[in-house]
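Chains as they are written, first to last, in my numbering: chain A, 1 to 574; chain B, 575 to 1148.
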């Protein structure tokens, strides 16, 4: 049975970093060559990084990306290199928007031997590929080390009757799929299911190579695999780590070839199948989320030129989990926690925070906000009178903390992290320019109940109480007025989160939920809060996406929106 | 020669306001019926509003939009009503994303007689229609008052070999085009050119109906027209105003019909051609921008449930122009200017501001920020030491002003306007959570030099110096340190704006501009500032789009972006 040796090259490229990305590819290519691989496969849009967004509209960027691709090709040897780049030609300027393809270059012996252009362009969820790319229309095959191969890109695998069955029918003995597949919970299961479906259709082995690293709110989890023609896993690379994973595997016997074929390499394969497959371990669900959040925060901070972060440590669960993630991501010596007690803060807020900071080994300092609190009340009195200010005063304290953190960040060159969770972000239980002030929102896509689960998981994994039990057990409170608790303003999170998930992630209207038996008053109130908070969310920082529907690129709701979803008149749409 | 009477119904519908939108349509329909019109035409997506964004993913919303469309149809009489709605059928749930069409309902005598589904779906600039809609594939014609008519929607008119020539060839004696065409400078010229092109191709008259009103950053300018088969303008509705504009006009003689035809109405037309066409006046370029900014601000404030606004009045040109626009948009009694002098403010800042407030008749108050300024320096001293704080202290003052405005807004239920211009927003010459704090950025898409032009235009139009000449003439300064002027940090705006326009609106890289002769040091510095400011812009408020490339939906650049565009290596992309 013919076989091949492949290098699954999970590289952490950065959007726009053409030179650095070339270096990463060349280094992995050398590893592959050293191990006498037949093929080294890289992620989708390796050279420009993914997603390059409107950089695609800069002609000079696309030109330089081409030069970078040619530089990689020039260094290629007997091992075929397959990597992603932006393909364009003289037609670039002939239309608006310009004509560009999301493509893969197939290189060897110093040359680009040919190019595959992605057929299926996703334009939903976080994807805008129809904004940028023209779909490919051709199905070339490639001869590498004596084997006929079909190359495809990401979404090409997800559509029925797409390039993969066509290439397999046309003679491909194996399929390669280049990916920049953003992580969310249960994504691995969805990928496994679609790979199994394609293999069952085609009886052809599949090598799936995924990007690793984070780009703004997206995190890419790696986990590249090879599955054989019987859908057995014969290679699995690690998750959330850069790695060049080398595997030997069997391809199908040669088939009649009915598609055009381009010769890439002629060097015979050294692959010997029968070596035990190297399968890096799968991750438990909470550990998977944890690693996504750590990598998301690390790459955002690092790739934006920062080393150190600061944030407000309140004594609550959200800032505790944020602190632990930041310490994992950047090293505790780069993490600066600021305790900012007000006249309404409880003693345990400071003592619990100090204990956590000590356990994590992060820096901490205390700046009481009373002077500014007092000064603002004095400044505002002629305008607002001397009555209690209520919510205005609660927001004021939160904003004083935001200003304090920003001053420290400006002075020391730190990046400010925010600590809000998805439940708060959904209902706007936050102060704009206060606790939402910062460059990255570490747990913004984690529902409150899951924040607790992550804290317990973290302590459990460590085998000790790094996040003090007192923080896990206390009633959630913003401490912006005497004896405040979240459950005075909101239902308990056990009731809140399931309703929010239906409204936010499943596109349900309040009427639909009430019809399904949810509490009417609560549901209506939450739905309205979600709508009103849209303008806050639009001014809140990015954060790592870990669900199928995050606030951000994923959920594009108008701010000006008069739809309440409260009518029970239901009709057919057809 | 056969003729028709048409009502061009420029209504200001609101996204999601199904019931209100139905009422607006029915009211206009009654006007059309009263004037014995043959056809009343409404804008694209009249019922849901435009753009409904991810509301399209809510099944219940699409169902209720259908019920609303049927309610309009039920009230239709002898005048055919043609309006936009979201068309879906049982296949809605069969794919992800759901199958929905951007469609027009053609109604009369109490019934929907048929539906046209938009063919051409724009997915560039501010448009994401391929995210939501499936393209139509059919070319039905409609018999209305004895005339055969082709109905098309917006982008259908902009593509070559599209529905319009096909329908004209297939027998249409006139073409109707429903639009939600967002305004930007020179857009009218582009529309006129494309209409002339289609009429020249088809020798068929064209009725173009456009939405009026604003939705988040988009403003729709109306200006609906009818052009006859010789491309003569026979009707033009006003710009930026709601209006039902009724016109008589000649259609072409009947042609051989080769497309399917649906009978809509049989009532003969009362139209008598020969009446003089009513052409509302065109607008001078600066007046056009002014009206766009006024309508943009008014609809944002009003449609989000606010009546009153506040903002910081600094004595500079930006806040002066913002104040004048707000007074035009909402009435001076709803506009609250806040002067917030610091230890570094000049006397003229307050006196000029007071004079402007008096001239405009808006409310004003003064809150000196010294108490909070002093308090923060005291709070921060243990962390940052006693040396001068430089930029940190400048930002601190700006943020204290932001907190002050937000406290007033929270207390009195006002909406905070920001006053920054496009030049500042481009280079990040602003303080996040300081002068960028607010819900709507009135002049965010106006370059600084144009802000001066608008101020002069406003005074000229009024015939008196409403904005004091002193404000127009003083050197721009943020007044955040002693004797500060913008030109200490930035080149003069005469040099700055042209470079920024190339970099931001024309997708040029610094190398390209330097090759073209721009100053190297300035260009490189500005390009870097633009990139770094992306994270600030992402947290800044929406504002009215008046250029072809605004910051916002229009220009989707990654925050994490290592591309500098500084290499002069240029290659072919093909």
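Don't be surprised by glycine CBs; every beta carbon is placed ideally from N, CA and C.
- Message: Can you find the residues in the same chain that come closer than 7 angstroms, C-beta to C-beta, to residue 372 of chain A, ignoring five residues on each side of it along the sequence?
- Response: 400
*Give, in chain order, every unbroken run of the beta strand (DSSP E) that is at least 3 residues long and sits entirely within the segment 667-695 of chain B.*
675-682, 685-691
Q. What's the gap between the Cα of residue 789 of chain B and the Cα of residue 33 of chain A?
A. 56 angstroms
Listed by chain order, chain A residues near residue 918 of chain B by CB distance under 8 angstroms: Those within 8 angstroms of residue 918 of chain B in chain A number zero; the least Cβ separation is about 17 angstroms.
- Kindly indicate which three-state DSSP category residue 971 of chain B falls into: helix, strand or coil? helix
Starting from the Cα of residue 693 of chain B, find the closest Cα among B/626, B/682, B/722, B/741 and give me that residue. B/741
Closest Cα partner of residue 583 of chain A within the set A/85, A/163, A/114, A/183:
Because chain A in this structure spans residues 1 to 574, residue 583 of chain A falls outside the shown range and cannot be described.
- Message: At the level of alpha carbons, what is the spacing between residue 351 of chain A and residue 320 of chain A?
- Response: 13 angstroms
If the cut-off is 7 angstroms on Cβ atoms, which residues from the segment 746-772 of chain B count as contacting chain A, listed in chain order? none
* Residues of its chain near residue 913 of chain B, where Cβ-Cβ distance is below 6 angstroms and the 5 sequence neighbours each way are ignored -> 887, 924, 927, 940
(Q) Using a 10 Å radius around the Cβ and a threshold of 16 neighbouring Cβ atoms, would you call residue 1125 of chain B buried or exposed? (A) buried
**Assigned secondary structure, residue 488 of chain A (DSSP; H/G/I helix, E/B strand, else coil)** = helix
Mind listing the chain B neighbours of residue 15 of chain A? Cutoff is C-beta to C-beta under 9 angstroms, in chain order. 1132, 1134, 1135, 1136, 1137
- [ ] Note down the Cα distance separating residue 336 of chain A from residue 416 of chain A, rounded to an integer number of angstroms.
- [x] 9 angstroms
Within 10 angstroms of its Cβ, does residue 543 of chain A collect 16 or more other Cβ (buried), or is it exposed? buried
Margin query: Under 8 angstroms, CB to CB, which of the residues in the segment 380-397 of chain A have a partner in chain B?
Written below: 380, 382, 383, 384, 389, 391, 392, 395, 396
Which class does residue 697 of chain B belong to by DSSP, given the choice of helix, strand or coil?
-> coil
key: Cβ neighbour criterion (16 or more within 10 Å) applied to residue 477 of chain A   = buried
7 angstroms Cβ cut-off: residues of chain B touching residue 439 of chain A: 1109
- prompt: Can you give the Cα-Cα distance for residue 1009 of chain B and residue 998 of chain B, rounded to whole angstroms?
  reply: 11 angstroms
- Go through its chain and collect everything with a Cβ distance to residue 704 of chain B's Cβ below 6 angstroms, but skip five positions before and after it. 695, 697
Counting beta carbon pairs with one atom in the segment 206-222 of chain A and one in the segment 109-117 of chain A, are three or more of them shorter than 8 angstroms? no
Q: Find the nearest neighbour of residue 1006 of chain B within the set A/142, A/438, A/566, judged by alpha-carbon distance.
A: A/438
Counting Cβ pairs closer than 8 angstroms, one from the segment 51-61 of chain A and one from the segment 1082-1089 of chain B, do we hit at least three?
-> yes
Between residue 818 of chain B and residue 808 of chain B, is the Cβ-Cβ spacing less than 8 angstroms?
no
Q) Are the beta-carbon atoms of residue 536 of chain A and residue 428 of chain A separated by less than 8 angstroms? A) yes
Quick check on this structure: which residue in B/996, B/949, B/853, B/649 has the alpha carbon closest to the alpha carbon of residue 684 of chain B? B/649
- Residues of the segment 866-888 of chain B with a CB closer than 8 angstroms to any CB of chain A: list them in chain order, please. 873, 874, 877, 878
Check: When burial is assigned at 16 or more other CB atoms within 10 Å of the CB, is residue 461 of chain A buried or exposed?
Finding: exposed
So which residues of chain B does residue 367 of chain A contact, with C-beta pairs closer than 9 angstroms? 953, 954, 956, 957
Given 8 angstroms as the limit, is there contact between the segment 39-55 of chain A and the segment 87-96 of chain A, that is, 3 or more CB pairs closer than that? no
Buried or exposed: residue 770 of chain B, going by 16 or more other Cβ atoms within 10 Å of its Cβ? exposed
Is residue 1100 of chain B helix, strand or coil when you go by DSSP? helix
Name the chain B residues whose beta carbon is nearer than 7 angstroms to that of residue 53 of chain A?
1130, 1131, 1132
Figure out for me which residue from A/488, A/329, A/293, A/380 has the closest Cα to the Cα of residue 445 of chain A. A/293
Worksheet item: Going straight from the alpha carbon of residue 1135 of chain B to that of residue 403 of chain A, what length do you get?
Response: 27 angstroms
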